[in-house]
Amino acid sequence: MNNFPEQSWEWLAGLWQHGQRRASAPPEMTPGERDAMLREQFLARQAARRGARHFYDTERAWKRVTGRRARQRARWISSVAAAVVLAALFLVPRPGEELPVATIAPGTAKAELWLAGGEVISLESHGADNRWQARGIVLDNDTATGRLRYEATGDGDGNAPRYNTLRVPRGGEYQLDLPDGTRVWINSRSSVRFPERFGAVSREIYLQGEAYFAVARDDRVPFRVRSGDQVITVTGTSFNVSAYDDDDVWRATLVEGTIRVEENGREVTLRPSEQYVLERSRDERRVERVEAALYTSWIDGRFYFKAFTFEELARKLERWYDFRMIYADESVKGRRFTGFVNKHEPIEHALSLLEMTTDIQFQVVDKTITAKRAK
Amino acid sequence: MKNDRDDRNPGDGDDKERFEKLFRTYYAALCDYAHAILGDFDEAEDVVQEIFARLWDGKEDKTIQVAAKSYLYTSTRHMALNVLKHKAVMQRNNPLLVDFIEIVQQEGYSEEEELKIEKMTRVMENLPPKCREIFTMSCLEGKSYKEIALETGISVNTVKFHVKHAYKAIHAVVLPPVDPILLLLAIKNRF
Numbered sequence: 011m012n013n014f015p016e017q018s019w020e021w022l023a024g025l026w027q028h029g030q031r032r033a034s035a036p037p038e039m040t041p042g043e044r045d046a047m048l049r050e051q052f053l054a055r056q057a058a059r060r061g062a063r064h065f066y067d068t069e070r071a072w073k074r075v076t077g078r079r080a081r082q083r084a085r086w087i088s089s090v091a092a093a094v095v096l097a098a099l100f101l102v103p104r105p106g107e108e109l110p111v112a113t114i115a116p117g118t119a120k121a122e123l124w125l126a127g128g129e130v131i132s133l134e135s136h137g138a139d140n141r142w143q144a145r146g147i148v149l150d151n152d153t154a155t156g157r158l159r160y161e162a163t164g165d166g167d168g169n170a171p172r173y174n175t176l177r178v179p180r181g182g183e184y185q186l187d188l189p190d191g192t193r194v195w196i197n198s199r200s201s202v203r204f205p206e207r208f209g210a211v212s213r214e215i216y217l218q219g220e221a222y223f224a225v226a227r228d229d230r231v232p233f234r235v236r237s238g239d240q241v242i243t244v245t246g247t248s249f250n251v252s253a254y255d256d257d258d259v260w261r262a263t264l265v266e267g268t269i270r271v272e273e274n275g276r277e278v279t280l281r282p283s284e285q286y287v288l289e290r291s292r293d294e295r296r297v298e299r300v301e302a303a304l305y306t307s308w309i310d311g312r313f314y315f316k317a318f319t320f321e322e323l324a325r326k327l328e329r330w331y332d333f334r335m336i337y338a339d340e341s342v343k344g345r346r347f348t349g350f351v352n353k354h355e356p357i358e359h360a361l362s363l364l365e366m367t368t369d370i371q372f373q374v375v376d377k378t379i380t381a382k383r384a385k
Numbered sequence: 209m210k211n212d213r214d215d216r217n218p219g220d221g222d223d224k225e226r227f228e229k230l231f232r233t234y235y236a237a238l239c240d241y242a243h244a245i246l247g248d249f250d251e252a253e254d255v256v257q258e259i260f261a262r263l264w265d266g267k268e269d270k271t272i273q274v275a276a277k278s279y280l281y282t283s284t285r286h287m288a289l290n291v292l293k294h295k296a297v298m299q300r301n302n303p304l305l306v307d308f309i310e311i312v313q314q315e316g317y318s319e320e321e322e323l324k325i326e327k328m329t330r331v332m333e334n335l336p337p338k339c340r341e342i343f344t345m346s347c348l349e350g351k352s353y354k355e356i357a358l359e360t361g362i363s364v365n366t367v368k369f370h371v372k373h374a375y376k377a378i379h380a381v382v383l384p385p386v387d388p389i390l391l392l393l394a395i396k397n398r399f
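Residue numbers (our numbering), protein chains in the order written: chain A, 11 to 385; chain B, 209 to 399.
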């Protein structure tokens with residue numbers, strides 16, 4: 011009985027109730043260990059509540075369900091007001107659609123916008139275009155292209171800036187047009203936190219995951235992209251940042267203009283076609299000359315790769331097609347490939363191409379793909 | 209939008225009957241399911257009503273038959289997790305939990321998980337009362353060991369002992385069957 015990670019348990023149990031306590035440092039554990047323990051708590055919390063007996067007024071519920079026909083339900087907008095739940099479900103099939111069978115399909119344009127005011131807005135690739143406004147904020151959502159234009163008028167209330175978050179799930183991507191004219195392409199499993207209104211001194215946004223930025227030039231108001239300890243400062247320029255918390259290697263790739271990367275007291279200025287590479291586990295960083303298109307092609311509907319390792323490629327595919335790659339043979343990971351994958355074609359195309367040109371074989375079961383060497 | 213929907217609902221005798229039967233069969237069970245995730249009966253009922261209301265509104269093009277149960281449970285699970293995620297986001301200092309919920313949200317309802325939860329419920333019911341009480345304060349209420357010690361008047365070490373004991377018991381339920389080779393490695397690594 012000596013391997014109970016009591017500190018991790020205590021700290022993680024607190025997350026469910028009140029979030030991270032500022033006073034206590036997070037325990038040391040790998041993301042895998044953390045998720046495993048959170049899952050245990052997720053199950054244990056459910057188990058602990060299962061015993062509760064409660065009387066549900068089914069008649070009243072029936073009346074409420076069937077009597078609500080007249081109410082208007084906007085397709086892409088739903089507010090979570092108090093405890094009333096209207097949050098849109100983009101993963102649950104609508105009535106009449108197929109039941110959720112786990113198959114691997116190309117991603118689509120989808121995202122959720124969590125406004126500082128508490129509203130949650132689900133942006134989907136189908137449905138009509140929509141506008142929404144409140145508190146001087148105007149949202150213009152183009153569902154056909156998967157792009158949201160965010161406008162904010164007025165100066166806010168002068169208090170500390172409040173932040174909105176655009177979250178893109180696995181198997182999704184979205185574009186965001188900011189009020190200053192900057193356009194951001196946000197990749198799968200990524201989120202961008204941006205202020206309700208940009209300040210007069212700087213434009214600060216936070217990135218988790220990957221995004222491509224085309225920043226509107228404004229020399230007086232620098233634009234900053236923060237990921238972890240890394241800060242990228244720009245005035246007007248195009249670049250791609252990949253900073254997934256589950257990736258060891260983070261990359262900032264400059265297409266045009268100049269950017270300054272600051273991170274842990276170091277500072278380096280990049281020229282076009284240069285890439286800042288941060289290997290987090292080894293605490294190493296370097297600047298490399300690269301073909302920028304290799305790192306930005308995802309915004310044009312394809313994954314273009316040149317001498318990439320199989321594992322590197324697979325991680326991109328996993329996020330977009332939303333599946334898990336399992337390696338029956340570890341040596342597959344380090345194999346290098348050149349080519350491209352069209353993002354909107356079924357993944358089988360890419361797999362069969364790889365099978366034909368290499369000795370790797372794939373087996374697809376639900377949402378996992380096992381890669382192994384042919385015997 | 210589609211105005212004919214509204215006219216059709218009451219007229220569609222068979223469909224309505226089937227829908228009502230589905231509702232009466234599953235309503236309370238789904239509420240229990242959502243409550244276990246959310247810990248709040250009102251929120252749980254809101255979630256389940258919303259799911260049925262959506263089905264009702266789009267009724268004419270819906271024929272959920274074969275897998276109605278898994279459809280309803282998966283929808284409930286997903287929507288309840290949305291609410292949970294929303295709360296975590298509103299706390300503003302809880303990105304780890306938000307990420308975790310998103311991972312869980314990608315999964316549908318599974319019988320296997322259900323089985324684990326049922327086993328855990330039984331394990332918990334069989335814990336000594338004091339141990340169960342303290343574990344609940346830790347796991348459900350998220351209290352620190354120190355807070356629990358102050359509230360119950362026992363020492364922090366005794367609190368830890370109880371939590372550890374309960375943890376071991378439920379942990380055994382989650383563990384996959386032991387792979388002898390892994391066990392061997394684990395033992396080897398300890399020496």
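Backbone N, C-alpha and C define an ideal beta-carbon position, used for all residues, glycine too.
Secondary structure at K326 of chain A: helix, using DSSP grouped into helix, strand and coil.
Rounded to whole angstroms, the Cβ separation of P282 of chain A and L264 of chain A is 5 angstroms, and the two are in contact under 8 angstroms. For the C-beta of W19 of chain A, the chain B residues within less than 9 angstroms are, from N- to C-terminus, S346, C347, V371, K372 and Y375. Residues of the region 286 to 299 of chain B whose Cβ lies closer than 8 angstroms to any Cβ of chain A, in chain order: H286, M287, N290, V291, H294, A296, V297, M298 and Q299.
Here DSSP, grouped into helix, strand and coil, assigns M298 of chain B to helix.
A Cβ-Cβ separation of about 6 angstroms places I114 of chain A in contact with K377 of chain A under the 8 angstroms criterion. One finds A57, R60 and G61 in chain A with Cβ atoms closer than 7 angstroms to the Cβ of T329 of chain B, taken in chain order. Of the candidates A:K73, A:I242 and A:G311, the residue whose Cα lies closest to the Cα of Q185 of chain A is A:G311.
Along the region 117 to 149 of chain A, going in chain order, the ones with a CB nearer than 8 angstroms to a CB of chain B are W124, G128 and V130. If you check each beta-carbon in the region 176 to 196 of chain A against every beta-carbon of chain B, the ones closer than 7 angstroms belong to P179 and R180.
A buried status is given to F208 of chain A, since no fewer than 16 other beta-carbon atoms sit within 10 Å of its beta-carbon. Note: T378 of chain A is bridge-paired with A:R334 and A:V375 in the DSSP secondary-structure output. Straight across, the Cα-Cα distance linking A380 of chain B with S18 of chain A is about 18 angstroms. Under the three-state reduction of DSSP, S198 of chain A is assigned to coil, being neither helix nor strand. At a Cβ-Cβ threshold of 7 angstroms, H370 of chain B and C339 of chain B count as neighbours. Every candidate beta strand (DSSP E) stretch fails here, since none sits fully inside the region 235 to 264 of chain B while reaching 3 residues. Each residue's CA atom was taken as its position, placing A23 of chain A and R236 of chain A some 29 angstroms apart. The three-state secondary structure of Q56 of chain A, taken from DSSP, is helix. The count of Cβ pairs closer than 8 angstroms, one atom from the region 240 to 252 of chain A and one from the region 265 to 279 of chain A, reaches three, so the stretches are in contact. As the crow flies, the alpha-carbon of G182 of chain A is around 36 angstroms from that of K327 of chain B. The C-alpha of M366 of chain A lies about 29 angstroms from the C-alpha of V300 of chain A. Using a CB distance cut-off of 7 angstroms, I325 of chain B counts as an interface residue toward chain A. In the displayed model, N334 of chain B falls within coil according to three-state DSSP, outside both helix and strand.
Where G349 of chain A is concerned, the enclosing beta strand (DSSP E) starts and stops at R346 to N352. The bridge partners DSSP lists for E228 of chain B come to none. For the region 344 to 359 of chain A, no residue has a beta-carbon sitting nearer than 7 angstroms to a beta-carbon of chain B. In the DSSP assignment, D187 of chain A forms a beta bridge with A:R159 and A:R193. Beta-bridge pairing by DSSP links G182 of chain A to A:T118. Of the residues assessed, T344 of chain B falls on the buried side of the cut-off, its CB having 16 or more other CB atoms within 10 angstroms. By the C-beta criterion, the region 211 to 220 of chain A is judged not to be in contact with the region 337 to 356 of chain A, since fewer than 3 inter-stretch pairs fall below 8 angstroms. Taken through DSSP and simplified to helix, strand or coil, A226 of chain A comes out as coil.
In the DSSP annotation of this structure, the continuous segment of the alpha helix (DSSP H) that includes Q17 of chain A starts and ends at E16 to H28. For K316 of chain A, the enclosing beta strand (DSSP E) covers residues R312 to T319. Looking at the DSSP output, L123 of chain A sits in a beta bridge with A:I131 and A:L176. Contact between Y317 of chain B and T360 of chain B fails: their C-beta atoms lie close to 36 angstroms from each other, not under 8 angstroms. Using a Cβ-Cβ cut-off of 7 angstroms, L305 of chain B counts as an interface residue toward chain A, since at least one Cβ of chain A sits closer than that to its own.
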